[in-house]
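Visitor: The structure under discussion is supplied below as C-alpha cells; questions concerning it will follow.
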Amino acid sequence: MESPGLLYVAATFLPLASFLLLLLGGGLRAAAKPVRDTPLGGSIFRGLGGDAPIKTGAYIATGAIGLAFVLSLIGFILFKQDHPHEAVEHTAPHQEAVEHAAGADVVQDWRLSPLSLADPSRWSVSVDWASLNMGSRPATTLSLGYHIDSLTTVMFLMVSFIATLIHVFSIGYMGDELQPTVEDHQVHTVDGHLRRRGRFGRFFLFLSLFCFSMLNLILADNLFQVFLSWELVGICSYLLVGFYYERRSASNAAIKAFVTNRVGDAGFIIGLLILWTYVGTLNFEDLFRKIRLPENDIANVATASSLRHRIVRAAVVPGEAPSRDGQKLQISAGGDQVVLFPEYSRHSEEVRKALDTGIVDAKFAPRTGQLGSMPYWVLVVAGLGIFLGCVGKSAQFPLHVWLPDAMEGPTPVSALIHAATMVAAGVYLVGRCFPLFTPEARLVIAYTGGITLFMAATIAIVQTDIKKVLAYSTVSQLGYMMLALGVGGWIAGLFHLITHAFFKALLFLGSGSVIYGCHHEQDMTKMGGLYPKMKVTAITMLVGMLTIAGIPLFSGWYSKDAILAQALGFVQEYPKHILLFLLPLLTAGITAFYMFRLWLLTFAGKPRDEHVYEHAHESPRTMTVPLIILAVFSVAVAWGWPLYDAEASVLNSTIEQSEPLSAKIEFATVHAFAHGSHALAGNLALGLVLVALIFASLIYHSRVLDPEEAKQQFPGIHRFLWNKWYVDELYSAIIVRPALTVAHWCRKFDTRVIDGTVDATARGVVQLSRWDGRFDLGIIDGLVNLTARVVFAVGGRLRTVQTGYLRSYILFLVLAAIGIFAVLSYFVAFVRAG
Amino acid sequence: MMPEVGLQSYLLLGALLFVCGAVCMAMKRNAIGVLMGVELVLNGANVNFVAFARFNSTFEIEGQIFALFVIVMAAAEAAIALAIVLNFYNNHMTVDVDTAEELKG
Amino acid sequence: MDVQTALFWILAGLTGLSAIAVVVTQNIVRSAAWLLFTLGGVAGIYFLLGADFVGATQLIVYVGGILVLVVFGVMLTAQGPFVTMKTSAAEWAISLVVGLLLFSVITLAAVNAPWPQDAHHSEDMESAETSQNSVKLGAAFLGIKEITPKKDLTGFPMGKTPPERKQVAYLLPFEIVSVHLLVVLIGAAYLARAKRRRGMPT
Amino acid sequence: MPYISSFWLYFDVLWPYVLAVLSALVLITFMLLSAIFFVWLERKVSARIQDRLGPTRVGGKYGWLQTLADGLKLLVKEDIIPTNADPMLFRIGPYIALAGAFLAFIALPFGNGVVARNLNIAIFFMLAVMSTEIFGIILGGYASGSKWALFGGMREAAQIVSYEVPRAISVIVPVIVAGSMNLTEIGKQQTGPFWNWIVFHDPFTFCAFWVFFTCATASCKRAPFDLAEAESELVAGFHTEYSGFRWLIFFMAEYGSMFAVSGIASILFLGGWHLGLLPPGWDMERLFGTVFGNFINVVVFILKGWFLVFVMMWVRWTLPRLRIDQVMITCLRYLLPMSCFLLVGVSVWQLVAAELTWLSLVNYLLAFGSLFLFGFMVFKAAATTAVSPTQLMPGAWPIAGSAGPHVTHKA
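Chains as they are written, first to last, in this note's numbering: chain A, 71 to 904; chain B, 596 to 700; chain C, 1030 to 1231; chain D, 9 to 419.
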C-alpha cells in the first residue's frame, strides 16, 4: 500500500460521513414534514421514520465507527510491519544513555522526535490550509495533515474500539428514545411530565460527530488541527451532556462543562499564540526540532553534544547590544533565553558553529538555516498554557468541577466521552507536547495530577450516586496519568490512559446497565442485592472494579504499578517532592476502597428498596455483550510474556516506540531508579489495596463497621468531602458572585446610560428625518413630479401625432420634403446672391 | 400653338406622376393602393432619368441604366411588398392599412 | 407640330390623366387598370425619348410582372367582389393640398433650374440602322470606354472643375441587382407562403 | 413654327401620320383575315382529327365563309354585361388583350424590310407587348363578377407569368447565335439553304426551338395548356360572361398572338421569310427584284406562320388537357431548367465553335437528319391510305350485322 496513513484518514472521515448522512436525513425529514400530505413529501417523511425515530441512523453510525475500527486495525498491523519493535535491553540507565550519546553515530531517523517515522511519506501528509504572509516571506502557515506514529495507532484502536462497543450498547440503552412520544419524568411542566419526540437519531448524530472529532484530534500533526478538534469534541460534549436539555440540571451541567472548558481553552490559545509568535509553526515535529537541539546534523551524524534533545538555554553576551536583526547569545544552563534551532537544522552549518563556539547568533526573524531565540519564561508560559487546556479537558484540579456534573448526560456518553476518550485527550496532548514542557512546567503538571487524584478519590468515598462515584474515580485516574507524565513517566501515563479507557468504559457501561435495569435509578442507597438479578453485569463490574483497584494480572495493575514506580523513582531523584509518591500510593488504597464500596452497595447484601429491586432486570444482549468484551479487554489488554512483566506487553512496547527521546534522556536516571524500585512500589500499593478491600468488605458487606457511625464520628470530614472540598462554593464566592454583581451594574449602566443616549439620539434623528421627509416630499418630490407631469402632458399632446396611420406618415414625409425644399432653395438663393 | 417640348415638359410629367404617387400613397387605405402609389412615384423618377439621358448627352447611358436599375428594384420592391401585404392580410383579415395602428402613440 | 411633339402631348396627357385616375378611383382593380395605362404611357414616353430598351423593359417588368402581381394581391386579399375603401373628404382635401404644394415646389424647381441641355440625335429614332441606343447600352454594360461621351457633369458647384470621369462597367452592378432580385423573390415567396393560422376559424 | 397654307406643304408633316395609319390598317386587316382563316382552319382541323367533316356549306364546298357567318352572328348578338360585373373593366378587358396582341405585329418583319417599325430590340419589344395581353384577360375575368371567370383569369395570370420566363430565356438562345435582337437582322442571317436556319445551328438551338414552341403554345393558352378556358371545369373560363363582339375580340387577340409567336418562331429558328431551298447567298430579292421578291418573302413567311399555327391546332386536338399543377410543374420544373441549361450551353458553344470549325458539321447533321425525319413522316402520312369518315375506324366496335371491320390497307 502506497500510503497506509490514508487508512486512518478514511477511518476519521467515516464518522463524519455518517454524521452528514444523519444530518441530511434529519433535515430531509424535517423539510418533508410540512408537505407530508403530498405523495413525494409523504414518501420521504415516512421513509425517514415518520413520527417515530428509526434505527437506521444508529446502524449507519455504528457501521461507520465499526469500519473505522477495522481500518485502524489494518493500519495498526501495517504500521507494526513498518516499525518492528526492537528489544530494549534494560541495562544501567547511565550506561545506556552514554552509549546512546556517543556510540551510535547513525541513528534511525524516526527516533529524532516522537513524531519521526521510518518512512514519513507513507505515514504523514500535510496540506496548507491557510497561509499568512509578511511581505514576501511566508510568516506562518496553517496546515491540515495527518501524522501516524505508534501512539496514534494505539489511540486510534482504543477510541474506535470503545466507541464501536458503546455505539452497540447505545442501541439498546437508548431504546426509549425510539418511541414517538417520550415522557420525561424528571421534567415537570404545567401539564405534568414533559412529553417530547424520541431523539434516537439525534443521539447517534452527535456520537458520530464526536467520533470524527476525537479521531481527527488524534490524527492531527499540528496544534492548530488539534485545537479545532479540541473545540469540536467540546461542543459534542456540550450537546451530549445537554441531551436531555429540558432538564434544568442537564442544561446547567452542559453550560458548566462548556464554560469550564473555556477557561482551559483560553490557556490553550495563549500557548498556541506564543508558539505561533515565537516559533512560527504549529506542526509538532517542526516545533520540537526548533525548541530542542536535534539529534543529527545534515550528514546524519549525531551531534557531538550533551545538549542533544534538551532545551538549550542561553544568556545575552554581556557588552553585546542587540543589533537590528538579532543578538549574540552565550549558551549557559541558567540563561534567560531559549535557542530556537532552524526548522531544517540538519542543513545548517550555523548549528554546528554555535555548538562549537558556544556563541549563538540568534536572529529575531530567523531565515532558513539561521538560529533564533525566545525568552525562557515565555516558553514556560506556553507550556503551562497548553497544560491549562489539558487541565480543562481532563478535568484536573482546579477545573475538575464540570466532570461529575456532566454525568447528567446519557450513560453511554459518560462512558465514551467523559471516561474513556475525550477526557483522556488532555493527557494525550500533554504526552504529545511533552518536549515543549520545561522542568518547571512538568513539576506543575505532576503536582496538579497529585492533588487531583487524591482529592477526587476522597470525594468519591462519600458519593452515593453510582455515576458520580465513577466520575470522581475518572478524575482521580486522570490525575494519576498527569502525575505520571509530570514525573517523566511518559510510557506509564499513556499506558494507563489506554488501560483506564477500557476498564472505565466497562465500569460506566456496567453502571449504565444497572441504571437501565433499575429503571433510571442512580442512587446506590436504593440498590443492593442486585447480583442475582443481573449476574453478567455484576461479574463484569467486578472485573472492572478489580482492574481499577490494581489487583495483579489485571491490566490496571500493570499501568498503576508503572506510575507508582515512576513516581518513586522521581522521588528518589528529587527527595523533596516525596508527596508525589505518597499521594498516589495512598490513593491506590482509597480507590480500591470506594470501588469495592460501590460494587458491594450495588450488588451485594439485601435489597434496600423493594420497588427498585422488584423491577430490576438484566439488560438486553446489545448491552451485555459489549460489557463482556470490555471485561475481557480490561483484563487482558496489558498482558505480555512473561505475564508479570508490565513492559513485556505489546501495548507497552508500541507506546514505547513513540516515546520522545527528550523524555528518555532527561529522565534517564529517574527511569533507572524506577526500574529498580518497581517491585517495591508495586508491593506497597498492593498491600494498601488489599487492606482497603478488606476494610470495605467489613463495612459494606459484613456490616462489622457501620458507615453511618463513621459518618457521625467524623462529621467535619464527611461534610467536607460530601461538599466536594467546597470547590464549587469557592468558585461561586470568588468568581460567580462578583461576576454577577459586576454584570448587574454593567446592565444598569447599559440600560440607563448607553440605551438612554442611543434612544435620545434616535429620537433626535427621527425628528430630523420627519422634517427632512417633509422637505423631500414637498419640494424635491414636487419638483420631480412637476417635471414628470409636464413631460407627461407634452407627451400626451405629442402622441397624437403618432397616429399609427401609414398614410398620415406619408403626408408628413411629403410635407417635410417640401419644407426641406423651401429651406434649401432659400439658402441656395442666398448663396447665389452672396 | 403648343409650347415647345423640351426637358421641362418631361420633368413636369415626371413631377405629376410623382405627386400622383405620393397622394395615392397618402390617400389609399388599401395596402395595394399604397403599393400602386409607390410604383407611380418610381415611374415619375424614371421619367426624369430617361429625360435627362435624352437631353443631356453626359447622361445618355447612365440615365437609362439607372432607369433600368430602378425598374428592377421596383420589381423586387413589389414582390416583397406583396408578400408583406399577404402577411398583413393573414394577421388582420383585411388590407386596410389604417388597421395597422398597433404602434400608434 | 411634328410627330414627336404631338406624340408627346398625346402620351403625356394619357399618362397624366391615367395617373390622376389611379389616385381618384376608389375601386382598386380599376386603379390597377388605370395604372396599366399610366405605365404603358410611360413606356411610350420612353420610346419617344429614344430609350427603346428601357421602354420595353418597363412594359415587360411593370405590365407583365408587377401589375399582374398587384392584381394577384387584390385577388388574394379581397373579401368582397369589388373592394372599395372609402377615404374621407377631409383626407381628400388635405392630400390634395399637400399634393398641389409638392407639385408646385417640384414644378418651380424644374422650370427655374438652369438645366444644361444639348438635345442630340433627335432624328436617331428614325430608323433602326441609325438608332444605336441599345448597342450603346450594351457596350456601357460591358465597360467599353469609347461609348460614353465626355462632357461636363451637371449639378456640380460652379467655379470648380469636375474630376476626370472614370469609365464604369455596369455589368457587375447589374449582376448584383439581379442576384438581389432573386434573393428578394425567394424571400418574398417565403414570407408569403401559406401559414397555418392558429386560433382562427377555418 | 412657320405658317404654311397649302396642303402639300403639310405633306412632309403629315406623311408619318399617314404612314402610321396605313401600316396599322394593313396589319389589323391581316390580323383580322388570318383570324377568320384560323377559325375556319381550326374547325376543319378539329373535324378531320375527330373524324368529322366540319363546316361544309357556307361559301362553297369547304365552308370557306363559315367564319364570316359566325362573325356576322356575333356582331348582331346582344351585348350582355352581367349585373355583377364591373362595367368599365368588363368593357376594356378585350381591347387590352387585342392591343397586346396587335402591338406585337409592329415589330414583326414579314419580309426583308417589310416591317412597320424596324426596332433594334424588336424581339424584346414583342415579348414585352405580348406580356400585356394577359392583363386584359385578367381584367375580363375579374370584372365578369363570376367565379368561373375569376378562376380562369387567375389561372391565366399564374400560367402566363410563369411561362414567360422560359419563353424569354429560350428566345435569348437564337439571339445569342445571331448576335442581334433586331428581327430583320436575324432573318437576313438565315439566307440561302435551310441548314442556315438557326434551329439547325447547334443542338442547343435545336432544343430551344421545341422549348420555345411549347412555351409559346402555353402563353397563347392553347391546349393542352388551355386551363384558363377549361370548359370541363370552368364553363368557358375568363370569357364565360362575354358574348358577341367582345368575345370575338378576345378570339382575335388569341389568334393574333398565335400568329405572332409563330412568326417569332419562324424568324428566330426557321429561317423567317426564306424558303430554304436557294443556294447559299441567294435570296428572293436577288432572284425576282426587290418588290416581287419581297412579295414572295411575305408569302413564304405567312405560310410558315400558318403552318406553325396549324401545328398548334394539331396539338390541341390531339393531346388531352393537363391539370393546373401539371402545367405549372411542366414550366417550373422542366422547361425553366432546360431553358437555363440551353442558354449556358449555347454560350459555351459559341465560344468553343469559334475555335473548333469541325463543330459546324453538327449543323449539317441536324439539318439533314431533321429533313430526313420530316420527309419520312410526310412519306408515311402520304403512303397511309386516309381513313374516310364514312369508313369504319380500325379498332372500333363492330356494327351489328356487318361483316366486321374492314380496313383498307395499302395495296
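Yeah, the Cβ is synthetic: ideal placement off N, Cα and C, and Gly gets one too.
Report the neighbours of residue 1043 (chain C) on chain B: residues whose CB is nearer than 7 Å to its CB, in chain order.
Guide: Your numbering for residue 1043 (chain C) matches position 14 in the third sequence. None at all; the shortest Cβ gap to chain B is about 11 Å.
Visitor: Taking just the CA atoms, how far does residue 47 (chain D) sit from residue 103 (chain D)?
Guide: Residue numbering aside, residue 103 (chain D) sits at position 95 when the fourth sequence is read from its first letter. Residue numbering aside, residue 47 (chain D) sits at position 39 when the fourth sequence is read from its first letter. Between residue 103 (chain D) and residue 47 (chain D), the alpha-carbon positions lie close to 19 Å from each other.
Visitor: Using Cβ-Cβ distances below 8 Å, what residues of the segment 115-129 of chain D are close to chain C?
Guide: 126, 127, 128, 129
Visitor: Applying the 10 Å Cβ sphere with the 16-neighbour rule, what's the burial state of residue 851 (chain A)?
Guide: Working through the first sequence from its first residue, we reach residue 851 (chain A) at position 781. It is exposed - the Cβ of residue 851 (chain A) has fewer than 16 other Cβ atoms within 10 Å.
Visitor: Alpha helix (DSSP H) containing residue 866 (chain A): first to last residue?
Guide: Counted from its first residue, the first sequence places residue 866 (chain A) at position 796. Residues 851-869.
Visitor: Please list, in chain order, the residues of the segment 662-683 of chain B that have any C-beta partner in chain E closer than 9 Å.
Guide: Any reference to chain E falls outside this structure, whose protein chains are A, B, C and D.
Visitor: Which full runs of the alpha helix (DSSP H) of 4+ residues lie inside the segment 1072-1131 of chain C, going along the chain?
Guide: 1081-1086, 1097-1106
Visitor: Using a Cβ-Cβ cut-off of 6 Å (strictly less than) and excluding sequence neighbours within five positions of residue 170 (chain A), which residues of its own chain qualify?
Guide: Locating residue 170 (chain A) in the first sequence gives position 100, where the first residue counts as 1. Confidence at residue 170 (chain A) is low in this model, with a pLDDT of 45, below 50, so the placement of that residue is unreliable and no value is reported for it.
Visitor: Please name the residue or residues paired with residue 253 (chain A) in a DSSP beta bridge.
Guide: Numbered from its first residue, the first sequence carries residue 253 (chain A) at position 183. Paired residue(s): A:265.
Visitor: Between which two residues does the beta strand (DSSP E) carrying residue 659 (chain B) extend?
Guide: Walking along the second sequence from the start, residue 659 (chain B) turns up at place 64. It is not in any beta strand (DSSP E) - residue 659 (chain B) instead sits in the alpha helix (DSSP H) that spans 655-687.
Visitor: What would DSSP say about residue 190 (chain D), mapped onto helix, strand or coil?
Guide: As a position in the fourth sequence, residue 190 (chain D) is number 182, starting the count at 1. Of the three classes helix, strand and coil, the one that applies to residue 190 (chain D) here is coil, per DSSP.
Visitor: In the DSSP assignment, find the unbroken alpha helix (DSSP H) run with residue 443 (chain A) in it and report its ends.
Guide: In the first sequence, counting from the first residue as 1, residue 443 (chain A) sits at position 373. Counting along the chain, residue 443 (chain A) falls outside any alpha helix (DSSP H), though it belongs to the beta strand (DSSP E) covering 441-445.
Visitor: Looking at chain D, is there any beta carbon in it that lies within less than 8 Å of the beta carbon of residue 1089 (chain C)?
Guide: Translated into the one-based positions of the third sequence, residue 1089 (chain C) becomes position 60. Yes, its Cβ sits closer than 8 Å to a Cβ of chain D.
Visitor: Say whether chain B places a C-beta atom closer than 8 Å to the C-beta of residue 898 (chain A).
Guide: On the first sequence, residue 898 (chain A) is found 828 positions in, with the first residue counted as 1. False, the Cβ-Cβ gap to chain B never drops below 8 Å.
Visitor: Work out the CA separation of residue 204 (chain D) and residue 284 (chain D) for me, nearest whole Å.
Guide: For the purposes of this step, residue 284 (chain D) is identified with residue 276 of the fourth sequence, where counting begins at 1. For the purposes of this step, residue 204 (chain D) is identified with residue 196 of the fourth sequence, where counting begins at 1. Taking the straight line from one Cα to the other gives about 8 Å.
Visitor: What do you get for residue 714 (chain A), buried or exposed, if any count of 16 or more other CB atoms within 10 angstroms of its CB means buried?
Guide: On the first sequence, residue 714 (chain A) is found 644 positions in, with the first residue counted as 1. By the neighbour-count rule (16 or more Cβ atoms within 10 Å), residue 714 (chain A) is not buried but exposed.
Visitor: I want to see whether chain C comes within less than 8 Å of residue 640 (chain B), judged by CB atoms only; does it?
Guide: Translated into the one-based positions of the second sequence, residue 640 (chain B) becomes position 45. Closer than 8 Å: no.
Visitor: State the DSSP-derived secondary structure class of residue 216 (chain A), mapped to helix, strand or coil.
Guide: Reading the first sequence from its first residue, position 146 is the one you call residue 216 (chain A). If DSSP states are grouped into helix, strand and coil, residue 216 (chain A) belongs with the strands.
Visitor: Helix, strand or coil: how does DSSP classify residue 223 (chain A) here?
Guide: In the first sequence, counting from the first residue as 1, residue 223 (chain A) sits at position 153. In the structure shown, residue 223 (chain A) sits in a helix (DSSP, three-state: H, G or I).
Visitor: Closer than 8 Å, CB to CB, is residue 1220 (chain C) near chain B or not?
Guide: The residue given as residue 1220 (chain C) occupies position 191 in the third sequence. Residue 1220 (chain C) counts as touching chain B.
Visitor: Can a CB atom of chain C be found closer than 8 Å to the CB of residue 695 (chain B)?
Guide: Indexing the second sequence from 1 puts residue 695 (chain B) at position 100. Under the Cβ criterion of 8 Å, residue 695 (chain B) is not counted among the residues facing chain C.
Visitor: Between residue 518 (chain A) and residue 461 (chain A), is the Cβ-Cβ spacing less than 8 Å?
Guide: In the first sequence, residue 518 (chain A) corresponds to position 448, counting from 1. In the first sequence, residue 461 (chain A) corresponds to position 391, counting from 1. Yes, they are a contact pair.
Visitor: Over what stretch of residues does the alpha helix (DSSP H) that includes residue 344 (chain D) continue unbroken?
Guide: On the fourth sequence, position 336 is the one that residue 344 (chain D) refers to. For residue 344 (chain D), the enclosing alpha helix (DSSP H) covers residues 344-361.
Visitor: Under a Cβ-count criterion, where at least 16 other Cβ atoms within 10 Å of its own Cβ denotes burial, should residue 666 (chain A) be classed as buried or exposed?
Guide: Residue 666 (chain A) sits at position 596 when you count from the first residue of the first sequence. Buried.
Visitor: To the nearest angstrom, how far is the alpha carbon of residue 135 (chain A) from that of residue 661 (chain A)?
Guide: Translated into positions along the first sequence, residue 135 (chain A) becomes position 65. Translated into positions along the first sequence, residue 661 (chain A) becomes position 591. Cα to Cα, the separation comes out at about 32 Å.
Visitor: Would you say residue 1060 (chain C) lies against chain A (beta-carbon separation less than 8 Å)?
Guide: Stepping through the third sequence from its first residue, residue 1060 (chain C) is reached at position 31. No, residue 1060 (chain C) lies away from the interface with chain A (no Cβ there is under 8 Å from its Cβ).
Visitor: Using a Cβ-Cβ cut-off of 8 Å, state whether residue 622 (chain B) counts as contacting chain A.
Guide: What you label residue 622 (chain B) is simply residue 27 of the second sequence in a count that begins at 1. Closer than 8 Å: yes.
Visitor: When the Cβ atoms of the segment 165-173 of chain D are set against those of the segment 337-349 of chain D, are three or more pairs found closer than 8 Å?
Guide: yes
Visitor: What are the start and end residues of the alpha helix (DSSP H) that includes residue 426 (chain A)?
Guide: As a first step, residue 426 (chain A) must be located in the first sequence, where it is residue number 356. Element bounds for residue 426 (chain A): 419-427.
Visitor: Run through DSSP, which three-state label would residue 194 (chain A) get?
Guide: If you number the first sequence from 1, residue 194 (chain A) lands on position 124. Here residue 194 (chain A) sits in strand by DSSP.
Visitor: Jot down the residue ranges of each uninterrupted alpha helix (DSSP H) in the segment 155-229 of chain D, minimum 4 residues, whole runs only, in chain order.
Guide: 155-186, 191-196, 211-227
Visitor: Per DSSP, which one or two residues make a beta bridge with residue 401 (chain A)?
Guide: Residue 401 (chain A) sits at position 331 when you count from the first residue of the first sequence. BP columns for residue 401 (chain A) point to A:384.
Visitor: With DSSP run on the structure shown, which of helix, strand or coil describes residue 642 (chain A)?
Guide: The residue you call residue 642 (chain A) lines up with position 572 of the first sequence. In the structure shown, residue 642 (chain A) sits in a helix (DSSP, three-state: H, G or I).
Visitor: Using a cut-off of 8 Å between C-beta atoms, extract the partners of residue 1039 (chain C) located in chain B.
Guide: Here residue 1039 (chain C) refers to the residue found at position 10 of the third sequence. Under the 8 Å cutoff, chain B gives no residues; its nearest Cβ is about 11 Å from residue 1039 (chain C).
Visitor: Grouping DSSP H, G and I as helix and E and B as strand, with all else coil, what is residue 453 (chain A)?
Guide: On the first sequence, position 383 is the one that residue 453 (chain A) refers to. Look at residue 453 (chain A) here: in three-state DSSP terms it is helix.
Visitor: Kindly list the residues whose CB is nearer than 6 Å to the CB of residue 149 (chain D), restricted to its own chain and excluding five residues on each side of it in sequence; keep chain order.
Guide: In the fourth sequence, counting from the first residue as 1, residue 149 (chain D) sits at position 141. The answer, listed in chain order, is 157, 158, 160, 161, 246.
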